[in-house]
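Read through the structure below, which is laid out as structure tokens, and then see the notes.
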Amino acid sequence: MSQARQRIRLQRAADGVQIAWAEAGAGPLLIKASNWMSHLEYEWESPVWRHWIHFFSDHFRFVRYDERGCGLSDREPGVVSVERWVSDLEEICEAASNPQEPFILLGISQGSHACIHYAVRHPERVSHMILYGGYARGYLRRGNPGVEREYRAIVEAIRVGWGKDNPSFRQLFTSRFIPDGTPEQLAWFNELCRRTVAPAMAADLLQLRGEVDIVHLLDQVRVPTLVIHAAEDNVIPPAEGRLMASMIPGAQFVELQSKNHVLLAHEPAWTRFQEAVLEFTGGAPVVSDAFATLSPREREVLALLSEGLDNRQIGERLAISEKTVRNHVSSVYDKLGVWSRAQAVVFAREHGFRG
5 MSQARQRIRL QRAADGVQIA WAEAGAGPLL IKASNWMSHL EYEWESPVWR HWIHFFSDHF
65 RFVRYDERGC GLSDREPGVV SVERWVSDLE EICEAASNPQ EPFILLGISQ GSHACIHYAV
125 RHPERVSHMI LYGGYARGYL RRGNPGVERE YRAIVEAIRV GWGKDNPSFR QLFTSRFIPD
185 GTPEQLAWFN ELCRRTVAPA MAADLLQLRG EVDIVHLLDQ VRVPTLVIHA AEDNVIPPAE
245 GRLMASMIPG AQFVELQSKN HVLLAHEPAW TRFQEAVLEF TGGAPVVSDA FATLSPRERE
305 VLALLSEGLD NRQIGERLAI SEKTVRNHVS SVYDKLGVWS RAQAVVFARE HGFRG
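Residues in the sequence shown are numbered consecutively from 5, following this note's numbering.
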């Protein structure tokens with residue numbers, strides 16, 4: 005676990021709004037664009053975000069900031085817009101970076117919008133761009149009337165009940181962001197919602213996110229890009245990640261087996277995420293402990309999968325039924341964070357699995 009300490013500073017934007025930003029760690033500079041609901045102090049030791057912060061500050065000089073209207077940034081920023089998101093990112097990049105040294109840009113969820121704008125405007129400043137759980141089209145721009153009605157209802161519910169002591173309104177988000185979260189993690193996320201932003205601002209920000217459409221910018225990206233998305237993301241459909249990856253020239257795409265929009269520390273998908281990021285940026289590899297979770301029988305099954313045997317052949321080799329083999333194979337997929345036989349074999353080979 006990282007022993008880095010963060011340093012928080014304030015940056016005054018062109019319109020006078022103060023943006024709070026923090027840095028921790030050492031190494032290549034990686035700047036994360038702000039995303040929905042952040043609080044630089046409250047996140048630092050949270051059960052939901054701390055493993056993200058520790059990972060990035062272990063391998064990079066990690067810079068992140070609170071969105072205007074949220075966290076430690078000014079809570080009354082006046083007008084919010086996509087252009088303000090982009091200009092705030094530009095301000096932080098200017099304050100935190102050396103103009104002669106390109107840096108890594110990270111966009112999580114809505115943060116992908118500002119990152120894509122920035123990469124198109126300043127390609128010489130970006131060495132790599134990582135987009136996780138991102139999207140180019142908001143909910144109100146995907147041509148689905150049923151989803152649009154639901155989204156507008158959620159925005160209105162926020163205006164009415166976000167600030168109340170009863171967390172049921174905020175639970176609308178918690179249950180979608182981390183459906184596999186523990187009671188502690190769910191309670192923390194509910195409290196993050198309350199601490200981070202006022203009800204009216206939360207509704208305005210969510211409304212704006214729904215109206216975003218930057219599809220026209222995707223084919224203008226000219227920086228190396230990695231798109232990562234959870235296969236069962238409850239907040240941003242994986243189809244939106246695939247759309248970005250298909251339209252950004254040369255983009256790599258990695259799909260993780262998870263339901264969580266915010267990957268949790270215990271799940272194999274989190275290890276896969278770290279490996280993908282470090283491989284893409286040229287960092288030191290993460291040592292995976294995923295194989296340690298396999299039972300002796302599951303290790304045997306994985307070894308035979310790697311030899312190219314099908315379920316019937318594995319059953320004959322191990323003297324078990326084909327149905328039992330299928331159950332073991334399914335369990336192996338879950339523990340390794342993969343969802344196909346081919347992915348399991350590649351994962352085993354890349355990580356030196358020996359059975």
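Even glycine gets a Cβ: it sits at the ideal position worked out from N, Cα and C.
Distances from the alpha-carbon of D338 to those of E283, H270, S310, S325 put H270 closest. For G165, the enclosing alpha helix (DSSP H) stretches over residues 149-165. The Cβ atoms of H126 and F284 do not sit closer than 9 angstroms to each other.
Sequence-distant partners of A234 (beyond 5 residues in either direction) whose C-beta falls short of 6 angstroms from its own C-beta, in its chain, are L260, S262.
The beta-carbon distance between G138 and S113, rounded to whole angstroms, is 6 angstroms. This is short enough to meet the 8 angstroms contact definition. Distance from the Cα of L190 is smallest, within the candidate group S85, S61, A296, N264, for N264. The alpha carbon of F107 has as its nearest neighbour, out of E87, E154, Y143, A37, the alpha carbon of A37. Within the region 89-133, complete beta strand (DSSP E) segments of at least 3 residues are found at 107-112, given in chain order. Judged by DSSP secondary structure, H332 falls within the alpha helix (DSSP H) whose first and last residues are 326-340. Of all alpha-carbon atoms in V305, W25, L209, Q256, the one lying nearest the alpha-carbon of A352 is that of V305. Spanning the alpha carbons of F60 and I324 requires a straight line of approximately 44 angstroms. For E71, the secondary structure class from DSSP, reduced to helix, strand or coil, is coil. In the three-state reduction of the DSSP assignment, W56 falls in the helix class, which pools H, G and I. Comparing alpha-carbon positions, the option among G312, R54, R303 lying closest to S42 turns out to be R54. By the Cβ rule, the region 241-261 does not count as touching the region 200-209, because fewer than three pairs are nearer than 8 angstroms.
The alpha carbon of G185 has as its nearest neighbour, out of V266, V164, H332, the alpha carbon of V266. C97 places its beta carbon less than 9 angstroms from that of R129. For V225, the number of other beta carbons within 10 angstroms of its own is at least 16, and it is reported as buried. Spanning the alpha carbons of R141 and S85 requires a straight line of approximately 15 angstroms. One Cα belongs to F181, the other to V159, and the distance between them is close to 16 angstroms.
A residue is called buried once 16 or more other Cβ atoms fall within 10 Å of its Cβ, and H117 is buried on that count. Setting aside the 5 residues that flank it on each side, Q256 is surrounded in the same chain by L230, each with a C-beta closer than 6 angstroms to its C-beta; the list follows chain order. Inter-residue distance for A161 and D70 is about 24 angstroms (C-alpha atoms, whole angstroms). Around the beta carbon of R153, fewer than 16 other beta carbons lie within 10 angstroms, which makes this residue exposed. The alpha-carbon separation between I35 and I318 amounts to approximately 47 angstroms.
Here the C-alpha atom of S50 lies approximately 45 angstroms from the C-alpha atom of L322.
Per DSSP, W40 lies in no beta strand (DSSP E) segment and is marked neither H nor E.
Within the same chain, G137, Y139 come within 6 angstroms of I240 by CB-CB distance, once the 5 residues on both sides are set aside.
With respect to F357, F277 sits apart: the two C-beta atoms are not nearer than 9 angstroms. Assignment of V225 by DSSP, reduced to helix, strand and coil, places it in the coil class. Rounded to the nearest angstrom, the gap between the Cα atoms of P187 and E320 is 43 angstroms. Bridge partners of A24 according to DSSP: L14. Beyond the five residues adjoining it in sequence on each side, R345 comes within less than 7 angstroms, by CB distance, of L309 in the same chain, given in chain order.
Exposed is the label assigned to H220, since fewer than 16 other Cβ atoms lie within 10 Å of its Cβ. Shortest Cα-Cα distance from Q104 to any of L298, L33, V329, V258 involves L33.
The Cβ atoms of G341 and P272 sit closer than 9 angstroms to each other.
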